[in-house]
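For what it's worth, this note's numbering labels the leading residue of the sequence shown as 190, then goes sequentially. Positions of the beta carbon are idealized from the N, C-alpha and C atoms, including for glycine. It should be emphasised that the depicted structure is a prediction, and the values quoted were computed from it without experimental measurement. Notes follow the structure.
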Amino acid sequence: MQGESNPFPLFGREEIFERLGKRLEALKKGYRQNLGLVGPRHIGKTQLLSRFLGEARKDPEIISIYVSLEGSDFESFSEKWLGGLLQGFLITQGIPFPDEFQTLVKISRTFIPKTLDGMREAKKHAFHKRTSLAFRALLALTGTLREETGKKILLILDEFQNLGDLEVSDPFGLFGKEMMVQKDTLYLATSSEPHKTDEIFGERLSLLFGNFELIPMNGLKLEALRLCALEKYPEIKIPEEDWRVLSHLLGNSPYYFDLFFEGIRTLGLRKGSFEGGRERMREAAYETLFSDRGLLNRHFESRLQTLPSLGRSRRPYSKTLLALAHGRVRVLPVAAYLGKKTPEARKLLQRLVEEGTAEKSGSFYRLPDPLFRFWLRNVFQTKDRDLHPDKSGARAHFEKRWDEEVRKIEEEDRTDLTERVSSLFREFRNDLVEIDRKRMKCPAFLEIGTRPTNGRYFPILARTSQGRWFCQVARETLTEADVAGFAEELKRFRRNTQRRIVVALGGMDLNAKLMAQEAKIQIWDLDNFNALLDLYGKLKVIA
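See below:
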């Protein structure tokens, strides 16, 4: 399997892995629940799939097929589809996979002649440029394979959203129709572009949405990242307080952590010591993020090279990214930064959203990757402005900004939790945001206050001219008792209650979630809350 590099395929992903396994077992018992694994790049989706595929292929009752849709025209797509199908079948037979496709076909014909006939038909349509007919024939092959072998099928479609780029009329409609017919095929679709995936499942496959269980896959939590790094780099000693700093700066991406720790390891080999500390962290940041040969620097430079262009120039888009990186997250401030009219700025922002580089949340646009934002401001922009041939001025600026960012993180981490929530509420200006795909208005509050805490949760009250918000912040796992206590307290404030919120930083049990829904209490989990903090330019909470 080709894809993103990530050394930590299962740390912190055990729950998702178990969920995939349960769905595969259910398929064998006659219950099919298709799956969608959705999350940004470089968080370990491909490695998780590789591990899952390896386990699935040990099951003789299942033919497991993997098809990557990364960068595929129709010819490449059809080759990957046919090759993946035959490879999956031969593995169940215990037959070594040959290098030549024709040898593969020759071996397979003895076992699955009808499937091979279907392949020939699909290739004939493709040869005559009848791509829609060829596409339908390819989709039908898993059904034919099921009939010939009597085995259930697992079909993994990596970067599923790229089906929309094929020269096929209504590919998702055709896919949906075939999916409804093939009850013995479990479809596992992955995507690194959540915006496109929302559009596909919400619009193009809206009638089939219930047939897919969407599993979000985000960055790893700090403890999982720590375990990952300690296993791969046991010689590197990082002080306890610096783990939280790194989690803020690197954004909980296992890929970024790996490259950063590789930089620390390289420095350690050069200097004869693997001790961490602030100075070594700053040096590693320079080596990986600022230096022309730095792995993170090259990674971000390649991201800029994939930006769309206006005419021959990508500059309008790179400058739009800079506006977002500097905290200009609404259309008007972005337009002012670019020196363009509002409609032009909106088009640039929308294109970045469509490309999966930026995200839109209500009236906000944002770059969700904090390290990319830091690089844009303090490497890309400062190098561009530095007139010294050796970029010495840019390096000094980078190191100064790195130290300032570390101090800012330490200060914010010491801030009381209720003050952090209150500070967020003070930023609201009648904005529209999205929480779990639902729009929410964030009003300008007239008054924000706190109430005495019981040690488990921290009450906050906020008032507008139309009513009040009641918020409880729970650092520990939210329980039924917590929800019941909040609901009881709310009975004393029946009038003019606009919104009831629990910020569940430590997660929640299922019964607590159901009870909250029944009491019409909105739950913000850690990811929801951190996304809101990020929209308003505030540092995330590390639970």
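- The region 592-665 contains, as complete beta strand (DSSP E) runs of 3+ residues, the segments 620-624, 627-631, 636-639, 646-652, 657-663 (chain order).
- Residue range 669-679 is occupied by the alpha helix (DSSP H) that includes D671.
- L343 sits in a strand when the DSSP states are folded into three classes.
- In chain order, V520 place their CB closer than 7 Å to the CB of R535, counting only its own chain and leaving out the 5 sequence neighbours on each side.
- The Cβ atoms of V672 and A705 sit closer than 8 Å to each other.
- S491 is positioned such that its CB atom lies no closer than 8 Å to that of H231.
- Leaving aside the five residues that flank G210 on each side, the residues in its chain whose CB is nearer than 8 Å to its CB run, in chain order, F241, E244.
- Distance from the CA atom of F463 to the CA atom of G457, rounded to whole angstroms, is 5 Å.
- Contact fails between the region 312-321 and the region 290-301, because fewer than three Cβ pairs, one in each stretch, are under 8 Å apart.
- In the three-state reduction of the DSSP assignment, I280 falls in the helix class, which pools H, G and I.
- With respect to L224, E402 sits close: the two C-beta atoms are nearer than 8 Å.
- Taking C-beta atoms as the reference points, L355 and R325 fail to come closer than 8 Å.
- Of the residues assessed, H317 falls on the exposed side of the cut-off, its CB having fewer than 16 other CB atoms within 10 angstroms.
- The three-state secondary structure of Y725, taken from DSSP, is coil.
- Of V434, G582, R640, the smallest CA-CA separation from E600 is found for V434.
- Segment contact: the region 536-553 against the region 581-589, fewer than three CB-CB distances shorter than 8 Å; contact not assigned.
- In the DSSP assignment, K549 falls within the beta strand (DSSP E) that extends over 548-550.
- The alpha carbon of S380 has as its nearest neighbour, out of G233, Y445, R681, K729, the alpha carbon of G233.
- Contact between I345 and I254 holds: their C-beta atoms lie close to 7 Å from each other, under 8 Å.
- Rounded to whole angstroms, the gap between the alpha carbons of L305 and S297 is 8 Å.
- Of the residues N407, F278, A708, V542, the one whose Cα lies closest to the Cα of E388 is V542.
- One Cα belongs to I280, the other to F349, and the distance between them is close to 24 Å.
- The region 713-726 makes contact with the region 684-693, as at least three CB pairs between them are under 8 Å.
- Comparing C-alpha distances from K372 to each of T333, L565, P405, V357 shows the shortest one belongs to T333.
- Look at the beta carbons and you see the region 501-514 touching the region 557-568: at least three pairs across the two are nearer than 8 Å.
- Between L343 and L377, the C-beta gap is smaller than 8 Å, which places the two residues in contact.
- Separation of F263 and R246 (C-alpha to C-alpha, rounded to the nearest whole angstrom) is 27 Å.
- Rounded to whole angstroms, H515 and P559 show a C-alpha spacing of 11 Å.
- Every alpha helix (DSSP H) stretch that sits fully inside the region 484-559 and reaches 4 residues is listed by chain position as 484-494, 504-514, 520-527, 531-543.
- Of the residues E268, G440, Y422, the one whose Cα lies closest to the Cα of D723 is G440.
- Apart from sequence neighbours up to five positions away, the residues of its chain that approach Q222 with a beta-carbon distance below 6 Å are R212, E402, ordered along the chain.
- Distance from the CA of E430 to the CA of M368, rounded to the nearest whole angstrom, comes to 50 Å.
- Annotation for W270: V256, L327 place their beta carbon closer than 6 Å to its own, counting only its chain and skipping 5 residues before and after.
- Rounded to whole angstroms, the Cβ separation of W591 and A474 is 5 Å, and the two are in contact under 8 Å.
- Each of G483, P428, L621 was checked against the Cα of V518, and the nearest Cα belongs to L621.
- By the neighbour-count criterion, in which 16 or more other beta carbons inside 10 Å mark a residue as buried, E678 falls on the exposed side.
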